[in-house]
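In this note's numbering, the protein residues as written are 3 to 240.
Below is one structure; the comments refer to it alone.
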Ligand SMILES: [Zn+2]
């Protein structure tokens, strides 16, 4: 995958970021109706620092893992409050695997996460643009790339067998993460899940001056996680 903005100089990038104010005023980025209310439940969404956002995610996973979920933000009031605009506190790029339902395993609700799911949690131009949109225009202060135990996409990349149709599209995006020496053991596949998370984070940072700039200014934190299918817990790996 080529660099999206590799040829854009600092001056051009500043011009681009200057445009972002105008973009933010466009109709599809309308400030949500609840933004100016005194609803404390909503205010908590608007003021989370990157570390607070991470703590909120991990606390939700603790509840899920211990089977004590609160199921927050799923009321009719919540639907009404976020119907006119969104302010998710985090972006999660996760695998499309049916056993990794992100809102459930972080015990969050409607309007909480900018949820991007693609097999193998790989960075593509569309995925990267979605992450930039959430961070630069919606104000998410945290990006998590979330891999998981026994990932079929990572397994396919490790096994390196011919695949039908368009399946190679995401499998090929994982292969560079595997390194030159590898076997096909279950242990290696689990190591590769973490390697892939780290590799996709590197791709994200290399290809996006927008995200790198937000991170350098302390407005964004980019982390990697591994979800354990057996136990239901998320471990930070990057
Ligand atoms: Zn997977």
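Glycine included, C-beta positions come from ideal geometry on N, C-alpha and C.
Please read all numbers here as calculations on a predicted model, not as lab measurements.
Span of the alpha helix (DSSP H) around residue 130: Here the alpha helix (DSSP H) through residue 130 covers 127-134.
Candidates 234, 191, 237, 199: closest to residue 152 by CA position: Residue 191 is the option with its Cα nearest to residue 152.
DSSP-derived helix/strand/coil call for residue 163: coil
3-residue-minimum beta strand (DSSP E) runs that sit fully inside the segment 83-154, ordered along the chain: 92-96, 115-119, 144-150
Pick from 84, 239, 208, 169 that is closest to residue 193, judged by C-alpha positions: 239
Under the three-state DSSP convention, the category residue 70 falls into: coil
Beta strand (DSSP E) segment containing residue 239, residue limits: Here residue 239 belongs to no beta strand (DSSP E), and DSSP marks it neither H nor E.
Cβ pair residue 155, residue 125 closer than 8 Å: no
Any non-hydrogen atom of ligand 3 closer than 7 Å to residue 153 Cβ: Ligand 3 is not among the ligands present in this structure, which contains only ligand 1.
Rounded separation between residue 52 and residue 143 - CA only: 5 Å
Backbone secondary structure at residue 8 - three-state DSSP: Note that residue 8 scores a pLDDT of 38, beneath 50, so its modelled location is shaky and nothing firm can be said.
Classification of residue 73 by the beta-carbon crowding that lies within 10 angstroms, buried from 16 upward: Here residue 73 is exposed: its Cβ has fewer than 16 other Cβ atoms, across all protein chains shown, within 10 Å.
Enclosing beta strand (DSSP E) for residue 223 [first to last residue]: 223-229
Residue 88 versus residue 140 - alpha carbon distance: 7 Å
Segment limits, alpha helix (DSSP H) that includes residue 213: 211-218
Three CB pairs or more closer than 8 Å across the segment 96-108 and the segment 173-187: no
Three-state class that DSSP yields for residue 204 in the structure shown: helix
For residue 176, three-class secondary structure by DSSP: helix
Chain-order list of residues whose beta-carbon lies under 7 Å from that of residue 132 (same chain, five-residue window excluded): 118
Candidates 157, 81, 178: closest to residue 99 by CA position: 157
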